[in-house]
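Accompanying notes for the structure given below.
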Amino acid sequence: MKEKFIIIVLIAMIFTLTSCSNANNKDNTHSAEPVKGTHSGMGTLIEFTVYGDNAKEAIKKGKEVMNEIEQEMSLNIKDSEVNKINAQAGKTAVSVSPETFSVVKRGVYFSKLTEGNFDITIAPISQLWDIGQDDARVPSQDEIEALLPLVNYRHIQLDEKNTSVLLEEKDMKIDLGGIAKGYAADRVIDVFKDMGIKNALVSVGGNIKVIGENPQKGRAWTVGLRHPRKARGNYFATIRLNDGETVVTSGDYERYFIKDDIRYHHIFNAKEGQPSKSDIIGATIITQNSMDADGLSTSLFVLGSNKGMKMIDELEGVEAVIITRDLKVMMTEGIKDRIDVESMQLEAE
251 MKEKFIIIVL
261 IAMIFTLTSC
271 SNANNKDNTH
281 SAEPVKGTHS
291 GMGTLIEFTV
301 YGDNAKEAIK
311 KGKEVMNEIE
321 QEMSLNIKDS
331 EVNKINAQAG
341 KTAVSVSPET
351 FSVVKRGVYF
361 SKLTEGNFDI
371 TIAPISQLWD
381 IGQDDARVPS
391 QDEIEALLPL
401 VNYRHIQLDE
411 KNTSVLLEEK
421 DMKIDLGGIA
431 KGYAADRVID
441 VFKDMGIKNA
451 LVSVGGNIKV
461 IGENPQKGRA
471 WTVGLRHPRK
481 ARGNYFATIR
491 LNDGETVVTS
501 GDYERYFIKD
511 DIRYHHIFNA
521 KEGQPSKSDI
531 IGATIITQNS
541 MDADGLSTSL
551 FVLGSNKGMK
561 MIDELEGVEA
571 VIITRDLKVM
581 MTEGIKDRID
591 VESMQLEAE
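Residue numbers for the sequence shown follow my numbering, beginning at 251 and rising by one.
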């Protein structure tokens, strides 16, 4: 699983709201102050900022949705649907919920898109390294090569009619951590819309999705992108998000350890069984679908600046910002009028 750490910048403004209403025109879509809530789930911190008369109820429902998704898709819950799939690897297909099936199917899509550089069957490798845990270590090449044959999305069989998943080889395992948080953000925002919420922001471990605008600002939600080589709270850019947009970053600067002056991070090149050695250290995606942004940010990171940005340019409605190992900032044309960047050449702390 990967963490996406984009730090929310809500630029404070003190002002007085004056409301005007009459018998034919009354706006109750949001209150002057947001209702904020937090929730621990999916291995990360989930944050809600919601405007509206039923904001508290919306946040309560959002937490319920998060719990449902975690119960279905987490590797850390013994009887999750993902673990049921993994337990039957090489044996039989497992029928799952339409929600889990759709996420697995999308994971296979991104695995194909990157020709296997990103692969949802990475779990045997990521568990071997265990980056982010106290027992993280650099495994031997023999250990890695012994597990690499298990990492192959082509050995996933999907049955649309029965919404079932079969892993063809014994000991294969899928890990939906690369896209499940984005899926969760999408689901929660959809629930908010169904409840009549017009303005809200949800952050699932840094997977941010918004609807409407920031009423206290009176314009688009603004989020900050963390500087990859400075302490938390330092940003190299801020981005203004349109209604319904999401922003997701994959970076090498949160879950990692250093040994012999080498940084080993949690974003793996599935073909090599090693943390990606591409020229990218931070990849941000801006689009409408947070699950897609989740998969694309990881895919872009692993593919590197040349192949990765070419892939993004060929996708409609997708923008990207990357930072290379030499701390240069690159971005797609479509985002340039909505981003404020400290410098196109960053400096380390």
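We treat Cβ as the ideally placed atom computed from N, Cα and C, and that holds for glycine.
Requested in this report: Please classify T537: does DSSP put it in a helix, a strand, or coil?
Outcome: By one-based count along the sequence shown, residue 537 stands at place 287. Three-state result, T537: strand.
Requested in this report: Could you tell me which residues DSSP pairs with N519 in its beta bridges?
Outcome: Position 269 of the sequence shown holds residue 519. DSSP, once it has assigned bridges, lists Q524 as partnering N519.
Query raised in the report: Expressed to the nearest angstrom, what Euclidean distance is found between the alpha-carbon atoms of E441 and A434?
Result: Mapped onto the sequence shown, residue 441 falls at position 191. Mapped onto the sequence shown, residue 434 falls at position 184. Here the sequence assigns Val to residue 441, which means Glu is not the residue at that position. Each residue's Cα considered, the two are about 11 Å apart.
Query raised in the report: With contact counted as at least three CB pairs below 8 Å, one residue from each stretch, are the segment 406–418 and the segment 527–543 in contact?
Result: no
**Report entry** Continuous alpha helix (DSSP H) stretch holding K509: start and end
**Finding:** Indexing the sequence shown from 1 puts residue 509 at position 259. Run containing K509: none in the alpha helix (DSSP H); it sits in the beta strand (DSSP E), Y506 to K509.
**Report entry** Any 3 or more C-beta pairs closer than 8 Å across the segment 547–554 and the segment 388–397
**Finding:** no
Query raised in the report: In its own chain, which residues sit with a C-beta less than 6 Å from the C-beta of T279, not counting the 5 before and 5 after it?
Result: Reading the sequence shown from its first residue, position 29 is the one you call residue 279. With a pLDDT of 46 at T279, under the threshold of 50, the predicted position of this residue should be treated as unreliable, though the coordinate-derived value follows. For T279, where only same-chain residues beyond five positions count, the Cβ hits under 6 Å are K448.
Requested in this report: Please look up how many angstroms separate the CB atoms of V353 and Y403, rounded, as I've assumed it's under 8 Å.
Outcome: Residue mapping note: residue 353 aligns to position 103 of the sequence shown, counting from 1. Residue mapping note: residue 403 aligns to position 153 of the sequence shown, counting from 1. With a Cβ gap of about 14 Å, V353 and Y403 do not count as contacting.
Query raised in the report: For R606, is the classification buried or exposed, using 16 other Cβ atoms within 10 angstroms of its Cβ as the cut-off for buried?
Result: Residue 606 lies beyond the range of the chain shown here (251 to 599); nothing can be said about it.
Query raised in the report: Along the chain, where does the alpha helix (DSSP H) that runs through D440 open and close?
Result: Residue mapping note: residue 440 aligns to position 190 of the sequence shown, counting from 1. Note, D440: alpha helix (DSSP H), A430 to D444.
**Report entry** Same chain, Cβ closer than 7 Å to G494, neighbours up to 5 away in sequence not counted
**Finding:** In the sequence shown, residue 494 corresponds to position 244, counting from 1. The residues are I461 and Q538.
Query raised in the report: Straight-line CA distance for D587 to M581?
Result: As a working note, residue 587 is residue 337 in the sequence shown. As a working note, residue 581 is residue 331 in the sequence shown. Using only the alpha carbons, I get a separation of about 11 Å.
Query raised in the report: Just the Cα atoms here: how many angstroms apart are G432 and D544?
Result: Residue numbering aside, residue 432 sits at position 182 when the sequence shown is read from its first letter. Residue numbering aside, residue 544 sits at position 294 when the sequence shown is read from its first letter. Roughly 5 Å between the two C-alpha positions.
Query raised in the report: Can you list, in chain order, the residues of its chain whose CB lies under 8 Å from that of V332, leaving out five sequence neighbours each side?
Result: One-based indexing of the sequence shown puts residue 332 at position 82. Excluding positions up to five away in sequence, the list reads E322, M323, S324, L325, T350, I424, D425 and L426.
Query raised in the report: Less than 9 Å separating the beta-carbons of I573 and G532?
Result: Indexing the sequence shown from 1 puts residue 573 at position 323. Indexing the sequence shown from 1 puts residue 532 at position 282. Cβ distance < 9 Å, so I573 and G532 count as in contact.
Report task. Have a look at G567, A386, K341 and N317 and flag the residue whose alpha-carbon is nearest the alpha-carbon of Y514. Result -> Numbered from 1 along the sequence shown, position 264 holds the residue referred to as residue 514. Comparing Cα-Cα distances from Y514 to each of G567, A386, K341 and N317, the minimum goes to A386.
Query - Any 3 or more C-beta pairs closer than 8 Å across the segment 369–388 and the segment 495–512 - result: yes
Query raised in the report: Can you tell me whether I327 is buried or exposed, with buried defined as 16 or more other CB within 10 angstroms of its CB?
Result: As a first step, residue 327 is located in the sequence shown; it is residue number 77 there, counting from the start. By the neighbour-count rule (16 or more Cβ atoms within 10 Å), I327 is not buried but exposed.
Query - Residue burial classification, S540 (beta-carbon count within 10 angstroms, cutoff 16) - result: By one-based count along the sequence shown, residue 540 stands at place 290. S540 comes out buried.
Query raised in the report: Based on the DSSP output, what are the partners of G455 in its beta bridges?
Result: Taking the sequence shown and counting its residues from 1, the one referred to as residue 455 is at position 205. DSSP output for G455 lists no bridge partner at all.
Query raised in the report: Exposed or buried, which one is E283 when buried takes at least 16 other CB atoms within 10 Å?
Result: Numbered from 1 along the sequence shown, position 33 holds the residue referred to as residue 283. Classification of E283: exposed, given that the 10 Å Cβ count is below 16.
Query raised in the report: Start and end of the alpha helix (DSSP H) containing A337?
Result: Within the sequence shown, numbered from 1, the residue matching residue 337 stands at position 87. Per DSSP, A337 belongs to the alpha helix (DSSP H) from E331 to A337.
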